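Scroll down for the structure; my scribbles are underneath it.
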Amino acid sequence: MPSLEIEILSVFDVFSASAYGDLLKLRKFVEDDVVSLSQPDANGYYPLQWASVNNFPDVAQYIIEAVDGVMQTALHWAAVGGSVAAAAADVLLQNGAILSNKYSSIDL
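Shown next as structure tokens:
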């Protein structure tokens with residue numbers, strides 16, 4: 014079993030924080046360092062995928078509701094996608110996504 018020290022050192026970005034369920038570090042990266050959650054890692058995986066595959070529902074919920082580095086939530090990005098992303102927007106809304114930042118749907 015890896016030591017706690019090794020695990021702590023392995024959380025160095027939004028992807029590893031999501032994968033290890035480290036919500037405090039994830040919030041720091043997003044809110045203090047203004048790192049986007051809408052960009053994939055080098056392998057094409059998103060923070061939401063890492064949180065989901067490793068069963069961290071609190072991290073997944075944060076990612077769904079979080080405002081990324083350009084002040085947009087996952088729901089905003091789905092709306093920007095238009096009819097192509099309508100199904101994704103429905104899933105986000107059914108799972109509690111909210112429009113609660115400085116932008117409204119009119120800004121899209």
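With the working numbering applied, the sequence shown corresponds to residues 14 to 121, in that order. From the three backbone atoms N, C-alpha and C, an ideal C-beta is built for every residue, glycine too. Model, not experiment: these values are computed from the prediction.
- Message: Ala-32 and Asn-56 - do their beta-carbons sit closer together than 7 Å?
- Response: As a position in the sequence shown, residue 56 is number 43, starting the count at 1. As a position in the sequence shown, residue 32 is number 19, starting the count at 1. Result no, Cβ atoms of Asn-56 and Ala-32 do not sit closer than 7 Å.
- Task: Look at the alpha carbon of Phe-25 and the alpha carbon of Ala-79, and state the distance between them as a whole number of angstroms.
- Result: Reading the sequence shown from its first residue, position 12 is the one you call residue 25. Reading the sequence shown from its first residue, position 66 is the one you call residue 79. Each residue's Cα considered, the two are about 19 Å apart.
- By DSSP, does Ile-19 sit in helix, in strand, or in coil? As a first step, residue 19 must be located in the sequence shown, where it is residue number 6. Here Ile-19 scores only 48 on pLDDT, less than 50, and its place in the model is too uncertain to base an answer on.
- Query: Around the C-beta of Met-14, are 16 or more other C-beta atoms found within 10 angstroms, so that it is buried, or is it exposed?
  - Reply: Here residue 14 refers to the residue found at position 1 of the sequence shown. Residue confidence is low: Met-14 scores 48 on pLDDT, short of 50, so the model does not pin down where it sits. No coordinate-derived value is stated.
- Item | Endpoints, the alpha helix (DSSP H) within which Glu-78 is located | Your numbering for residue 78 matches position 65 in the sequence shown. Following the DSSP letters along the chain, one finds Glu-78 inside the alpha helix (DSSP H) bounded by residues 70 to 78.
- Rounded C-beta distance between Ile-76 and Pro-53? I'm assuming under 8 Å. The count along the sequence shown starts at 1 and reaches residue 76 at position 63. The count along the sequence shown starts at 1 and reaches residue 53 at position 40. Not confirmed; about 13 Å, so no contact.
- Query: From Ser-51 to Phe-28, what does the alpha carbon distance come to, in whole angstroms?
  - Reply: As a working note, residue 51 is residue 38 in the sequence shown. As a working note, residue 28 is residue 15 in the sequence shown. Their backbone Cα atoms lie some 11 Å apart in a straight line.
- Leu-39 to Gln-74, Cα distance in whole Å? Walking along the sequence shown from the start, residue 39 turns up at place 26. Walking along the sequence shown from the start, residue 74 turns up at place 61. Straight-line Cα distance between these residues: approximately 12 Å.
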